[in-house]
Amino acid sequence: MITKKKESPLSFKITARDKRSRARTGILKTKSGKIETPYLIPVATKARIIALNKKDIKNLNIKCILANTYHLHLKPGDKLIKNSGGLNKFMDFKGIIFTDSGGFQTLSLGEAKRTGYTKLGKNQEREKMILKNEKKPSFVKITDKGIQFKSVYDNSLHFIGPKESMKIQSNLGSDVIMAFDECTPANKSFSYQKTALTRTNKWAVLSLKYHNPKQALYGIIQGGQFKNLRIKSAKFISSLPFDGIAIGGSFGESYGDSKRAMHQIIDWISQYLDDRPVHMLGIGWIDDLFECVSRGIDTFDCVHPTRIARHKQLYISLESGGNKENKFTIKIVKGRYKNDKTKIDKNCRCSTCKHYTRADLYRLAKEKNNNNDYAKLATIHNLHFMLNLLEQIRKSIKAGKFQKLKKHWLK
RNA sequence: GCGGAUGUAGUUUAACGGUAGAAUGAAAGCUUGUGGCGCUUUAGACGAGAGUUCGACUCUCUCCUUCCGCU
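With the first letter of the first sequence counted as 1, position 188 gets the number 1142 in this note's numbering; the numbers rise by one all the way through.
Written out as structure tokens, the structure is:
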């Protein structure tokens, strides 16, 4: 019972399909612009890509970003953004803006804060860290009506349910908004996940009811690591008149397994997906991009490229020694780069690589007091690298060479 | 040559007559719908020799190192 709206705030046209997988290219269009998919959407949680300014964003040719409901609601406040004419004007950004509903903060400020669980579970290394550090209290309280969040700034309480999330996202004026969901960690039992899914599904219906029809709304598939819950969720979400479908939640308890589980989960639900755009929430390592695109994902958002840039890790291509093992990165503060006068990546044509060597970045990254210069250069490199990789992926799909490219990178 | 000071991880340093701490540098790892540039782990040192002592990085002596001053 897919009921198409008369004037959809979003159009998505599939332009090519890979013959040997579900990979596809498309054009996603809203009133603010268009992107070619597959596309990795850089994250600008607080309406800002950390370390970059407007000019950098323009030079990088970033056409789409993702901001966050919870964070903007707290600071500077969605009403203030509404009064400045919406996020595009507030940021002076001409492009598509996605907003996340705040549902992920049930995990990131809840279980992740308390025990260190991420959406990909936890690994031994992480567990060790968590056992050492004292557990911190959760910032969320989940009820059937919504989530009571503590402010990360002053501990004040803020209730966000589906209605509130839709209102905030309407105030933010983003092009594409997410249904309000509960992002569950994988350490929860089947019965808990089932209850949470029922809740999320109810919230999905309420999100449809209360959302601003001028905004494109994506429904979110949850269900944790459980096959029947994922399928149930996929059937339900895809039966509703959402403009797009997002895949969220966590995939498995342990880090190693959860990657495979993620692939499997997409495979389970892929038959319930249709020609609407499919967004993979919060995923974006290089191998993940290939695996997910291969399974029909159109858009991604991920903090990883920008975060690891600030944590001194820079992407490198195969030709510069990148591989699955080193996650296609080098840690630029290693002693071996101190006098390395070569480019960060042989193939990269970003402005950082044009003007700086590895030794330059080493020196800047080591500066204690002012890391702004470093963070900016590193972020530019990593984002450029990823945007470029996605372009290569799109080209390969169109040329019927996606499998070859995938194999080449993941060998 | 004489006098004074000095000597602890690669570097900067702390303490102590009884397991030598830290910072920084080095190496390895973590990071996936971002709490603003982070977190975890590992390796690494008492200048050399003799003496006193149950036991010396610590006290004594000799030598060496480096620094300062004087001739």
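The C-beta atom is built at its ideal place from N, Cα and C for all residues, glycine as well.
> Is the region 1174-1182 close to the region 1198-1209, with three or more CB pairs under 8 Å?
Replying inline: yes
> Got a sec, what are the start and stop residues for the beta strand (DSSP E) Pro1195 sits in?
Replying inline: No beta strand (DSSP E) contains Pro1195, which DSSP labels as neither H nor E.
>> Using the three-state DSSP reduction, which class does Thr991 fall into: helix, strand or coil?
In response: strand
> DSSP state of Phe966, grouped into three classes?
Replying inline: strand
>> According to DSSP, is Lys983 part of a helix, a strand, or is it coil?
In response: strand
> Ordered along the chain, which non-local residues of its own chain (more than five positions away) have a Cβ less than 6 Å from that of Val1130?
Replying inline: Phe1052 and Ala1170
> Can you find at least 3 beta carbon pairs, one from the region 972-979 and one from the region 996-1004, that sit closer than 8 Å?
Replying inline: no
> Quick one: what's Phe1113 bridged to in DSSP?
Replying inline: Gln1102
> How far does the beta strand (DSSP E) with Gln1267 in it reach, from first residue to last?
Replying inline: Gln1267 to Tyr1269
>> Suppose you measure from the CA of Tyr1269 to the CA of Ile1122; what does that come to, to the nearest Å?
In response: 35 Å
>> Our contact map puts Val1094 next to Thr1060 with C-beta atoms below 8 Å; I'd like the distance itself, whole angstroms only.
In response: 5 Å
> From Phe1339, Asp1229 and Asp1197, pick the residue whose C-alpha is nearest to that of Arg1303; which is it?
Replying inline: Phe1339
> At what residue ranges does the region 1220-1253 contain a whole run of the alpha helix (DSSP H), taking only runs of 4 or more?
Replying inline: 1240-1248
> For Tyr1226 versus Ala1188, is the C-beta distance shorter than 7 Å?
Replying inline: yes
> For Asn1166 versus Ser1124, is the C-beta distance shorter than 7 Å?
Replying inline: yes
> If we count Cβ pairs, one from each stretch, closer than 8 Å, do we get three or more for the region 1342-1359 versus the region 1021-1033?
Replying inline: no
>> Is it the case that the region 1057-1077 contacts the region 985-995, given that we only count it when at least three CB pairs across the two stretches are under 8 Å?
In response: no
> Thinking just about the alpha-carbon of each residue, which of Asp1255, Asp1229, Val1232 and Ser1062 is nearest to the one in Ile1240?
Replying inline: Asp1255
>> Between Gly1127 and the ligand NAD, is there a pair consisting of the residue's CB and a ligand heavy atom that are separated by less than 6 Å?
In response: Among the ligands in the structure shown, none appear at all, so the ligand NAD cannot be discussed.
> Using the beta-carbon count (16 or more within 10 Å), is Phe1144 buried or exposed?
Replying inline: exposed
> Where does the unbroken beta strand (DSSP E) through Leu1171 begin, and where does it stop?
Replying inline: Ala1170 to Ile1175
> Are the beta-carbon atoms belonging to Trp1157 and Phe1134 less than 7 Å from one another?
Replying inline: yes
> When you compare only the Cα positions, how much space is there between Ser1224 and Ala970?
Replying inline: 18 Å
> With distances taken from CA atoms, which of Lys1029, Pro996, Pro963 and Arg974 is nearest Thr984?
Replying inline: Pro963
> Considering only residues of the same chain and omitting the five flanking positions on each side of Lys958, which have a CB-CB separation below 6 Å?
Replying inline: Only weak support is given to the placement of Lys958: the predicted model assigns it a pLDDT of 49, under 50, and the value that follows is read from those uncertain coordinates. Here the set comprises nothing.
>> What residue range does the beta strand (DSSP E) around Val1257 cover?
In response: Element bounds for Val1257: n/a, residue is neither H nor E.
>> Could you give the first and the last residue of the continuous alpha helix (DSSP H) run that contains Cys1302?
In response: No alpha helix (DSSP H) contains Cys1302, which DSSP labels as neither H nor E.
> Start and end of the alpha helix (DSSP H) containing Asp1032?
Replying inline: Asp1032 to Asn1037
> Going by the beta-carbon positions, is the gap between Ile1035 and Leu1041 smaller than 7 Å?
Replying inline: yes
> Quick one, which of Arg1312, Lys1297, Asp1010 and Lys1278 has its alpha-carbon nearest Val1287's?
Replying inline: Arg1312
> What is the DSSP secondary structure of Cys1137, counted as helix, strand or coil?
Replying inline: coil
> So, helix, strand or coil for Asp1129, using DSSP?
Replying inline: coil
>> Is the separation between the beta-carbon of Cys1137 and that of Gly1203 shorter than 7 Å?
In response: yes
> For Lys1360, which of Phe1244, Asn1277 and Asn1015 has the nearest alpha-carbon?
Replying inline: Phe1244
> How close, in whole Å, do the beta carbons of Ile1175 and Ala1200 come, if the pair is a contact with beta carbons under 8 Å?
Replying inline: 7 Å
> Could you give the C-beta distance for Leu994 and Leu1344, rounded to a whole number, given that I count them as a contact under 8 Å?
Replying inline: 5 Å
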